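Dropping the structure here:
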């Protein structure tokens, strides 16, 4: 039988590994400068022994494809984008340029060979250092005016790139998934950020866009998940689809002027609510400039901190998703010239309560006010003709709608999810035909339909309209618009004889409460074995009842106090506790006390603020001009925050 010499086999493997890996002690860390007098000779300038040891390289001269292939191998990627033993981290190309000719240096994502040809566009060196996982820093000189497509794609350790001020173009996917790149200054002469240029640069936090920039292409910054601020230049004309998709940290958008911003053609959606800044100052009360006639698509998409909007007489159209997600928007002051509200124009404006619709409004687009959950009523103007699909869907606070006879079409789901709609006034002498789907998820028995005099029978026999539980004719005073429901009386919170209770003066009130435990921690130490339960429970409650809105929340704190005394047998010392309830809504009220018990109040500085005595277990003390007071109750100190 043939025997193996394992020691010899191990030696062979060790020698092979030594040819692949270079140990840290063998690396050349000082910068190596190489002058390439003739394109294609870089491999002759660096020995095989040093090729994988150099970490910092400066190249002078013109490079062709052969040189580029060699640099790629030094930086960690071969022709097929597979890893090499190279350790090149820093590359200085300030005195280098690209020329035509030489070998193909890379295989593209489509399987074709990439080389430097004679056409000027190809001299931008596509795929220059793509997949070179070792490279960390690159500096380019004035001789390189174009950054090629995929030039630094998936350079996962690239943290910094210095581009020459002469760079005029940066190719598509040039920095695609450079996941360590943290910042970049784009040269002033660049006019377009191309397709997916910075996609997947998940650590990119800051981008300086040049003043001459005209276009940001599709997915240019997709998945730049740490990008939190961006300032747009005056000449920017277009932001394409999904340009900032998945930029979940982007919360500050700085614009040079409203006029320039509203001239931009936008097809992007901000992932989260953004602060809209005008030269660094946040816009909360938006006044549209007089020069604007059309509010473009997505113009203020997810600008979540705008509170009011005023439109000049010049504005005629508000386009799709223009104010989507403006969650802080409370009021809108339309002009009477606006004739169209586009798809989702005010979708998800959850704080919008009242809207006075423009007199010349013709169309409310699909989902225009979808999920405007605070909108209370919609009195539509006399010239309106069409309510598109889902126009008022999920307006859960909407209780009254008036539809004029000019309306000739109502789309599917217009009032879907309007669970609190109590009255609907319609002014057609003969009801128009509609689908039952107009009122999806709707309780007809809870809503009164008001119709013109003489039209009762027509509505009572018409499909869908006949489903309303109550149909009434409009008298000379007009339809009886229901009042906004009154809120429930805010409940009181009491703690007596060990029982926690709530009470509201509204008949039939039901209580919704939360109790948060803020008790003492574990792993404590003492010397006498007695545990003082001076913990507390924070309590909040609100009331609801049929026909009423939810009440305001009432809050209180239940403190567990040392009640002094009480030993039992079996060598276990028990400290009795009792609970007292503290509220600070109008004055300081403490319940759960003993009759006649005196409580003294102090400021945090120790100033005596006065005392009060409990009557039937309850004590009242006028609120002092303090944010925090200390109440002393039989050796217990309670820290009370004043509302």
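Numbering (mature numbering (1 follows the signal peptide of the UniProt record, and there is no 0)), first residue to last: -24 to -1, 1 to 619. Where a beta carbon is used, it is the ideal one built from N, C-alpha and C, also for glycine. Please read these numbers as outputs of a predicted model, since none were measured by experiment.
What whole-angstrom Cβ distance do residue 251 and residue 281 have, given they're in contact under 8 Å?
5 Å
Can you find the residues in the same chain that come closer than 6 Å, C-beta to C-beta, to residue 310, ignoring five residues on each side of it along the sequence?
287, 334
Whole angstroms are fine: how far does the CA of residue 479 sit from the CA of residue 568?
16 Å
Touching or not, the segment 109 to 123 and the segment 75 to 93, by the rule of three or more beta carbon pairs under 8 Å?
no
Backbone CA spacing between residue 464 and residue 155 [nearest angstrom]:
54 Å
Does the pairing of the segment 10 to 30 with the segment 52 to 59 give three or more beta-carbon distances under 8 Å?
no
To which residues of the same chain is residue 619 closer than 6 Å at the C-beta, ignoring the five residues directly before and after it?
560
Quick check: the Cα distance between residue 343 and residue 135, rounded to an integer number of angstroms?
44 Å
Look up residue 423 in the DSSP assignment and give the residues it is bridged to.
DSSP output for residue 423 lists no bridge partner at all.
Three-state secondary structure (DSSP) at residue 151?
coil
Check each candidate in 414, 193, 130 and name the one with the smallest Cα separation from residue 176.
130
Sort 152, 228, 100 by Cα distance to residue 178 and report the nearest one.
152
Taking the beta carbon of residue 467 as the centre, do at least 16 other beta carbons fall within 10 Å, making it buried, or is it exposed?
buried
State the DSSP-derived secondary structure class of residue 623, mapped to helix, strand or coil.
Because the chain in this structure spans residues -24 to 619, residue 623 falls outside the shown range and cannot be described.
Per DSSP, the bridge partner or partners of residue 381
Residue 381 is not bridged to any residue.
As an exercise, report each continuous beta strand (DSSP E) stretch of at least 3 residues that is fully enclosed by the segment 553 to 579, in chain order.
553 to 559, 564 to 567, 574 to 579
Do you know how far the Cα of residue 139 is from the Cα of residue 162?
7 Å
Burial state of residue 25, where buried means 16 or more other Cβ atoms lie within 10 Å
exposed
Using C-beta distances below 8 Å, list every residue in its chain close to residue 617, excluding the 5 sequence neighbours before and after it, in chain order.
560, 603, 604
So if DSSP puts residue 587 in a beta bridge, which residue, or which two residues, is it bridged to?
576
Closer than 8 Å by C-beta to residue 303: which residues in its own chain qualify, once you throw out the five before and the five after it? Chain order, please.
249, 280, 324, 325, 326, 327
Let me check understanding here. Comparing Cα to Cα, which of 205, 169, 200, 33 lies closest to residue 189?
169
Output needed for residue 45: all residues of its chain with C-beta closer than 7 Å, excluding positions within five of it in sequence on either side, in chain order.
55, 79, 81
Enumerated in chain order, which unbroken segments of the alpha helix (DSSP H) with a length of 4 residues or greater are wholly contained in the segment 337 to 361?
none
What is the DSSP secondary structure of residue 44, reduced to helix, strand or coil?
helix
Which residues mark the beginning and the end of the beta strand (DSSP E) in which residue 615 is found?
612 to 617
State yes or no: is the C-beta of residue 410 within less than 8 Å of the C-beta of residue 383?
no
Determine the direct distance from the alpha carbon of residue 370 to that of residue 417, and round the result to whole angstroms.
10 Å
Between which residues of its own chain and residue 43 is the CB-CB distance below 7 Å, once the five residues before and five after are set aside?
12, 15, 16, 18, 78
Candidates 194, 205, 196, 165: which alpha carbon is nearest residue 186's?
165
When DSSP labels each residue in this structure, what does residue 185 get in the three-state scheme?
coil
In the DSSP assignment, find the unbroken beta strand (DSSP E) run with residue 667 in it and report its ends.
With the chain covering only -24 through 619, there is no way to say anything about residue 667.
Are residue 363 and residue 390 touching if we call contact CB-CB under 8 Å?
yes
Measure the C-alpha to C-alpha separation of residue 607 and residue 476 and round it to an integer number of angstroms.
21 Å
Since residue 231 contacts residue 197 with CB under 8 Å, what's their CB separation in whole angstroms?
Rounded, the Cβ-Cβ distance is 17 Å, inconsistent with contact.
Could you tell me whether the Cβ atoms of residue 61 and residue 37 are closer together than 8 Å?
no
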